[in-house]
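Chains W and E supply the protein sequences, listed in that same order. Numbering that gives the first Met the number 0 numbers the first residue of the first sequence as 0 and each following residue consecutively. Numbering that gives the first Met the number 0 numbers the first residue of the second sequence as 0 and each following residue consecutively. Ideal Cβ positions, reconstructed from N, Cα and C, are used throughout, including at glycine. Since we're looking at a predicted model, the values are computed, not measured.
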Amino acid sequence: MPKPRRNDAVSPVIATPPPPALLMTPAERRRWLLSTWRYAVPALASMMLLVLMLAPLPLSVPAMPHLALMGVLVWAMLQPALMPPWLAFCIGALADLLFGVPLGVNATLFAIATGVMRLSGRLFGRHGSGFDWLLVAAVLFGFLLLTGPLMALAGRPTPVLPLLWQWLTSVMAWPLVARGCAAVQRRLAATAPLWRHG
Amino acid sequence: MDWTPAPRRPTAIRREQNLALVSAVISGGVIAAGLILLLVARVNPETADGVRAAATDIVAPVWSVVRAPIDGAAKLGGEFSDYFGAVSRAEQLEAELDKANARLRAARTGQRELQQLKRLMAVREPTRTVVATTRIAAATAGSVARTAMLAVGGGDGITRDMPVIGAEGLVGRTLEVGRFSARVLLITDPLSRVPVIVERTGQAGLATGRNLPTLLLADRIGPDVPLVVGDRIVTSGDGGVYPPGVPVGVVVDPRSDGPIIRPAASPLGGGFVTVEKAWLPIPDTSPKGPVFDAPVPVEARTRGAPPPRLRDAEAPAQ
């Protein structure tokens with residue numbers, strides 16, 4: 000069997016759809032099973048960013064950029080099919096558990112943010128990275144504004160103005176996170192397995 | 000040129016429309032589920048405590064391992080800078096030592112008198128017991144909740160509502176405890192209320208967090224003496240969690256409507272923290288079983304029912 004050719008053409012897929020199971024050769028089936036982890040890369044990358052957010056930095060205001068939300072946003076932009084709102088909801092629920100806020104605050108907001116990114120992708124289509132930056136800044140500001148009412152809904156009203164620090168650092172950190180995730184995507188797309196479809 | 004793309008097959012278009020509808024319905028359902036979770040958290044804040052503890056049990060040990068080499072590097076850097084500033088630092092320390100010795104001599108007499116008086120009055124005081132000493136493993140520096148995680152948990156004798164004290168002052172109290180990890184509610188969190196007194200005036204109050212570097216001194220009672228900048232705020236021991244006399248901070252803005260306190264210990268500084276037993280744990284007064292007006296049948300008692308607790312035998316509700 001020939002080794003899978005590296006598809007050097009710019010391919011937006013990090014895991015190509017497999018051929019029908021009936022048509023797979025045993026070798027292809029093995030290769031397919033071994034490559035399923037690629038579907039989980041967006042979720043895993045976002046979770047790693049979430050754990051990174053828990054670094055014990057001596058910050059006296061919540062100034063750590065919201066890496067987890069930014070990871071979810073950038074993957075919703077790069078791979079909308081692999082970051083659906085329900086997956087964003089799960090990552091948000093994990094964030095709630097780890098941050099010690101009522102379960103549902105980040106979960107709801109992550110799902111809404113993913114939905115907004117999907118809608119904007121459909122509305123505006125292809126656009127430059129400067130536009131992305133503005134869009135993400137707006138989404139992050141919406142997150143900041145909605146956190147207060149949702150915390151109040153969960154029975155823990157909180158002053159959210161200190162979160163403006165987080166908004167500032169997040170907007171500044173966006174290009175870094177976006178480039179990091181794009182690099183992961185490029186590397187994965189370059190090594191995505193090819194199928195001969197029978 | 001009047002050119003239009005070839006029309007697509009209607010089945011493909013319909014399939015796409017159906018898929019879009021399904022995904023929209025799922026997204027709406029997910030958001031609705033989130034809102035329902037929030038309402039559940041409002042009614043019963045302890046809903047997800049078990050899952051929460053499991054999640055921190057995984058993350059806190061990871062961070063305690065990850066931060067070890069960073070701490071080591073920071074310590075090395077600190078040792079280098081200590082070496083270069085050693086002479087001037089030694090002179091400064093000698094001067095401070097002289098002053099401190101003079102104050103200590105005066106304090107010794109006072110302490111002896113205090114001991115004698117306490118013996119005369121048969122004062123019984125609970126003692127402070129250190130349960131664990133550790134570093135802060137992880138923190139939520141990017142969230143509205145200001146909490147930290149310790150890589151010690153129920154296995155090390157940590158329980159809920161234990162004070163966490165740093166070298167310079169109060170850090171917070173334990174909130175949720177897992178097997179290998181504990182979550183600490185920092186004093187800067189908006190949920191945190193620390194019963195304090197102003198050392199100079201004896202006024203009692205609550206140091207409340209507000210998600211900012213400083214705390215607010217709220218609900219001040221006692222003599223109406225205006226505060227001054229630099230007044231030391233220490234815990235009062237009320238409430239039973241925090242032991243009395245632990246430094247909380249100093250007043251930096253003595254406004255009459257709400258003095259501002261700067262915390263003594265930076266909650267997330269790199270130092271070690273100790274977890275102590277609760278100063279005076281509030282006794283568990285919740286009834287253990289239902290209160291019966293009639294005695295429990297013997298058959299039920301042999302199957303593990305609680306012993307009969309007659310309503311007139313209960314202490315009257317306060």
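- For Ile25 of chain E, the neighbours in chain W by C-beta distance under 9 Å run, in chain order, Pro83, Pro84 and Trp85.
- Contact between the region 115-134 of chain E and the region 83-103 of chain E is absent: fewer than three C-beta pairs spanning the two stretches fall below 8 Å.
- W:Leu66 is the residue among W:Arg29, W:Leu66, W:Pro83 and W:Ala87 whose C-alpha sits nearest the C-alpha of Val170 of chain W.
- Under the Cβ criterion of 8 Å, Gly154 of chain W is counted among the residues facing chain E.
- In chain order, Ala140 and Gly141 make up the part of chain E whose C-beta sits under 9 Å from the C-beta of Ala62 of chain W.
- As the crow flies, the alpha-carbon of Arg28 of chain W is around 8 Å from that of Ala20 of chain W.
- Within chain W, the residues whose beta carbon sits less than 9 Å from that of Leu34 of chain E are Gly103, Thr107, Leu149 and Leu152, listed in sequence order.
- With respect to chain W, the C-beta atom of Arg209 of chain E has a partner C-beta closer than 8 Å.
- Contact check for Pro84 of chain W against Gly114 of chain W passes: the beta carbons are separated by less than 8 Å.
- Inclusion of Trp194 of chain W and Pro17 of chain W in the CB contact set at 8 Å is warranted, their separation being smaller than that value.
- For Ser59 of chain W, the closest C-alpha among the options E:Val224, E:Leu185 and E:Thr200 is that of E:Leu185.
- Comparing alpha carbon positions, the residue from E:Gln110, E:Ser235 and E:Leu36 closest to Thr200 of chain E is E:Ser235.
- Between Arg41 of chain E and chain W, the shortest Cβ-Cβ separation is below 8 Å.
- Within the same chain, Leu216, Leu226 and Val250 come within 6 Å of Pro258 of chain E by CB-CB distance, once the 5 residues on both sides are set aside.
- In the DSSP annotation of this structure, the continuous segment of the alpha helix (DSSP H) that includes Gly33 of chain E starts and ends at Pro9 to Val42.
- It is roughly 36 Å from the alpha-carbon of Arg172 of chain E to the alpha-carbon of Gly84 of chain E.
- For Ser119 of chain W, no chain E residue has a C-beta closer than 7 Å to its own C-beta; the minimum C-beta separation is roughly 14 Å.
- If you look at Pro162 of chain E, you'll find it in the beta strand (DSSP E) that goes Pro162 to Gly165.
- Taking 8 Å as the upper bound for CB-CB distance, Ser265 of chain E and Pro61 of chain W are not in contact here, some 15 Å apart.
- The Cβ atoms of Ala59 of chain E and Leu149 of chain E lie closer than 8 Å to each other.
- Rounded to the nearest whole angstrom, the CA to CA distance from Gly91 of chain W to Leu144 of chain W is 17 Å.
- Residues of the region 31-59 of chain W with a C-beta atom less than 8 Å from some C-beta of chain E are Val50, Met52, Leu53, Ala54, Pro55, Leu56, Pro57, Leu58 and Ser59, listed in chain order.
- Annotated three-state conformation of Thr139 of chain E is coil, per DSSP.
- In the structure shown, Ile13 of chain W falls within a coil segment according to DSSP collapsed to helix, strand and coil.
- Looking at the DSSP output, Asp252 of chain E shares a beta bridge with E:Ile259.
- The alpha-carbon separation between Trp31 of chain W and Pro192 of chain W amounts to approximately 8 Å.
- For Met148 of chain E, the pairing in a beta bridge is given by DSSP as E:Ala137 and E:Arg182.
- Setting aside the 5 residues that flank it on each side, Leu77 of chain W is surrounded in the same chain by Cys180, Ala181 and Gln184, each with a C-beta closer than 7 Å to its C-beta; the list follows chain order.
- Within the DSSP bridge table, the entry for Leu215 of chain E names E:Thr207 and E:Ile259 as partners.
- Setting aside the 5 residues that flank it on each side, Thr157 of chain W is surrounded in the same chain by Met150, each with a C-beta closer than 6 Å to its C-beta; the list follows chain order.
- Non-local C-beta neighbours of Asp252 of chain E in its own chain, meaning closer than 6 Å and more than five positions away in sequence, comprise Ile259, ordered along the chain.
- Separation of Arg8 of chain E and Ser119 of chain W (C-alpha to C-alpha, rounded to the nearest whole angstrom) is 27 Å.
- C-alpha of Arg159 of chain E to C-alpha of Phe271 of chain E: approximately 20 Å in a straight line.
- By the Cβ criterion, the region 188-197 of chain E is not in contact with the region 63-71 of chain E, since fewer than three pairs of Cβ atoms, one from each stretch, lie closer than 8 Å.
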